[in-house]
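Asker: Quick one: this structure, given as structure tokens, is what I'll be asking you about.
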Amino acid sequence: MNIRAGKDDALNSLHRLRTLCVLLATLAAATPAPAAGPETPSNGSGASGQPSVAPPAAPRPGPGDETESWQALLQDAELRVKEAQRNAATARHSYNKARSRRYPRGKDLQAIRLRSESSEAKRHEAERKFSQLVELARRGGVPAGVLTPFMDLADEIRQQRAESDTRATH
Numbered sequence: 014m015n016i017r018a019g020k021d022d023a024l025n026s027l028h029r030l031r032t033l034c035v036l037l038a039t040l041a042a043a044t045p046a047p048a049a050g051p052e053t054p055s056n057g058s059g060a061s062g063q064p065s066v067a068p069p070a071a072p073r074p075g076p077g078d079e080t081e082s083w084q085a086l087l088q089d090a091e092l093r094v095k096e097a098q099r100n101a102a103t104a105r106h107s108y109n110k111a112r113s114r115r116y117p118r119g120k121d122l123q124a125i126r127l128r129s130e131s132s133e134a135k136r137h138e139a140e141r142k143f144s145q146l147v148e149l150a151r152r153g154g155v156p157a158g159v160l161t162p163f164m165d166l167a168d169e170i171r172q173q174r175a176e177s178d179t180r181a182t183h
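The sequence shown begins at 14 in this note's numbering and counts up one residue at a time.
Structure (structure tokens):
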């Protein structure tokens with residue numbers, strides 16, 4: 014199995030899980046609360062005293078439910094990107110501060126540098142996943158009004174990556 018197929022499978026599984034969670038939350042909100050007292054109907058009751066009438070059918074998910082699940086996925090991914098960006102900036106600042114003070118040295122400085130590199134890698138990964146998710150949502154037919162703020166962030170990420178690539182080549 015190649016890596017790309019594995020990541021696509023993971024994104025599809027995540028999408029299915031998120032959709033299921035949204036549907037369960039919708040069902041929980043739509044289900045009426047049971048009555049406070051004991052219920053003993055005059056006919057059709059079971060042996061336990063509970064009515065034998067089947068509960069009402071759950072509402073079918075409409076087209077807005079899928080859009081809401083996409084929006085929830087995108088919001089979650091956006092939060093992960095922003096958190097990774099903050100962590101990377103903090104780690105980079107700590108490393109630059111340690112280098113400019115020339116303290117700590119040796120293994121401690123290496124640990125700070127490794128933490129900075131690790132947080133940068135996590136930031137890149139979160140940004141890549143976010144951009145992929147925005148593209149999947151766009152192709153999945155999510156309305157532009159829902160996608161606009163997420164597409165703006167994805168465009169910022171692409172622009173920053175292009176600028177850092179041009180700085181690295183010059």
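Ideal Cβ placement from N, Cα and C applies to all residues, glycine included.
Here the structure is a predicted model, which is why all the values come from computation and not from measurement.
Going by C-alpha to C-alpha distance, which of 123, 115, 81 and 135 sits closest to residue 102?
Answerer: For the purposes of this step, residue 102 is identified with residue 89 of the sequence shown, where counting begins at 1. Measuring from the Cα of residue 102, the nearest candidate turns out to be 135.
Asker: Would you give the residue range spanned by the alpha helix (DSSP H) that residue 147 belongs to?
Answerer: One-based indexing of the sequence shown puts residue 147 at position 134. Note, residue 147: alpha helix (DSSP H), 120-152.
Asker: Near residue 144, what residues of its chain come up, given a Cβ to Cβ distance below 8 Å and the 5 sequence neighbours on each side ignored?
Answerer: Here the question's residue 144 lines up with position 131 in the sequence shown. Correct list, in chain order: 167, 170 and 171.
Asker: Could you compute how far the alpha carbon of residue 104 sits from the alpha carbon of residue 132?
Answerer: As a first step, residue 104 is located in the sequence shown; it is residue number 91 there, counting from the start. As a first step, residue 132 is located in the sequence shown; it is residue number 119 there, counting from the start. Going from the Cα of residue 104 to the Cα of residue 132 covers about 7 Å.
Asker: According to DSSP, is residue 94 part of a helix, a strand, or is it coil?
Answerer: Looking up residue 94 in the sequence shown gives position 81. Note: residue 94 maps to helix in three-state DSSP.
Asker: Are the stretch 82-98 and the stretch 144-156 in contact at 8 Å, needing three or more beta carbon pairs?
Answerer: Yes: at least three Cβ pairs fall under 8 Å.
Asker: Once the 5 residues before and after residue 2 are set aside, which same chain residues still bring their CB inside 7 Å of it?
Answerer: This structure gives no information on residue 2, because the portion of the chain shown stretches from 14 to 183.
Asker: If we call anything under 8 Å between Cβ atoms a contact, is residue 83 one with residue 153?
Answerer: In the sequence shown, residue 83 corresponds to position 70, counting from 1. In the sequence shown, residue 153 corresponds to position 140, counting from 1. Taking 8 Å as the Cβ cut-off, residue 83 and residue 153 qualify as a contacting pair.
Asker: Of all the options 173, 180 and 150, which has the alpha carbon lying nearest to the alpha carbon of residue 79?
Answerer: The count along the sequence shown starts at 1 and reaches residue 79 at position 66. Nearest of 173, 180 and 150 to residue 79, Cα basis: 150.
Asker: Quick test of your reading: residue 129 and residue 113, contact by CB under 8 Å. State the CB separation rounded to the nearest angstrom.
Answerer: Here the question's residue 129 lines up with position 116 in the sequence shown. Here the question's residue 113 lines up with position 100 in the sequence shown. Going by Cβ atoms, the distance from residue 129 to residue 113 rounds to 14 Å, so no, they are not a contact pair.
Asker: Between 137, 109, 156 and 125, which lies nearest to residue 91 when the distance is taken from Cα to Cα?
Answerer: If you number the sequence shown from 1, residue 91 lands on position 78. Considering only alpha carbons, the answer is 137.
Asker: In chain order, what residues of the same chain lie with their CB nearer than 6 Å to the CB of residue 163, ignoring the 5 residues before and after it?
Answerer: To locate residue 163, count along the sequence shown from 1; it is residue 150. Correct list, in chain order: 87 and 147.
Asker: Roughly how many angstroms lie between the CA atoms of residue 122 and residue 100, to the nearest whole one?
Answerer: Position 109 of the sequence shown, counting from 1, holds the residue named residue 122. Position 87 of the sequence shown, counting from 1, holds the residue named residue 100. In a straight line, the C-alpha of residue 122 is about 18 Å away from that of residue 100.
Asker: Can you tell me the Cα-Cα spacing of residue 181 and residue 173, whole angstroms?
Answerer: Along the sequence shown, one-based indexing puts residue 181 at 168. Along the sequence shown, one-based indexing puts residue 173 at 160. Approximately 12 Å, taken between the alpha carbons.
Asker: Secondary structure at residue 117, three-state DSSP: helix, strand or coil?
Answerer: In the sequence shown, the residue the question calls residue 117 occupies position 104. Reduced to three states, the DSSP call for residue 117 is coil.
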